[in-house]
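**Q**
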Amino acid sequence: LATRRFPVMASIAKKLIPLADRVLVKRVMAQAQTAGGIYLPDAAQTKQNEAEVVAVGPGARTVEGTILPVNVAVGDKVLLPEYGGSTVKIGDEEFNLFKEAEILGKFE
C-alpha cells in the first residue's frame, strides 16, 4: 500500500483495514474560492461527492466461500452518494467507510 504518491494515506491505511467489501475514502476538500475570487464561508460550501480511495477490503464472500474482488483500488477517484457511509476519525483526519455497492462510479 505504501507508495511515493500517497505516503500519508498509506500510513493511515495501516491503522484501519476495511473488512469484506468495504472501502475507506477521503473526501476531496470543497473549493473555498469561487472562479471570480470570492471566498466562501464554511457554511456555504457544499459537501463534495468526489473522494480518493485510501484502503480497500479483500472483497465480499459468496455463499460458497469464494471472495469476489473489489472493483476499486487505493488511489482511485470515486463518485460517492450524497448521503450514506460511516464517518471515521483517525487522528486529525476524517474519512468515510462505504460498502462497494454504495459507490456510484470511478473516475478515469
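Residue numbering for the sequence shown follows this note's numbering, starting at 1010 and increasing by one per position. By construction, the Cβ of each residue, glycine as well, lies at the ideal position given by its N, Cα and C atoms.
1. What does DSSP give as the partner residue(s) for Asn1105 in the beta ladder?
2. Here's a check: name, in chain order, each residue in its chain whose Cβ is nearer than 8 Å to the Cβ of Leu1089, leaving out the five neighbours to either side.
3. What does a CB cutoff of less than 7 Å around Tyr1092 pick up in its chain, not counting 5 residues either side in sequence?
4. Using the rule of at least 16 other Cβ atoms within 10 Å of the residue's Cβ for burial, across every protein chain shown, is Asp1030 buried or exposed?
5. Under the three-state reduction of DSSP, which class applies to Val1110: helix, strand or coil?
6. Would you report the Cα separation of Ile1099 and Ile1026, rounded to the nearest angstrom?
**A** Per the coordinate set shown:
1. Taking the first residue of the sequence shown as position 1, residue 1105 is located at position 96. In DSSP, Asn1105 forms a bridge with Val1034, Thr1096.
2. Residue 1089 sits at position 80 when you count from the first residue of the sequence shown. Cβ neighbours of Leu1089 beyond the five flanking positions: Val1034, Arg1036, Asn1058, Glu1059, Ala1060, Asn1105, Phe1107, Glu1111, Ile1112, Leu1113.
3. Locating residue 1092 in the sequence shown gives position 83, counting from the first residue. Contacts found: none.
4. Numbered from its first residue, the sequence shown carries residue 1030 at position 21. For Asp1030, the number of other beta carbons within 10 angstroms of its own is at least 16, and it is reported as buried.
5. Along the sequence shown, read from residue 1 onward, the residue named residue 1110 stands at position 101. First, the amino acid is wrong: residue 1110 is Ala here, not Val. Ala1110: helix per DSSP, three-state reduction.
6. Numbered from 1 along the sequence shown, position 90 holds the residue referred to as residue 1099. Numbered from 1 along the sequence shown, position 17 holds the residue referred to as residue 1026. Going from the Cα of Ile1099 to the Cα of Ile1026 covers about 12 Å.
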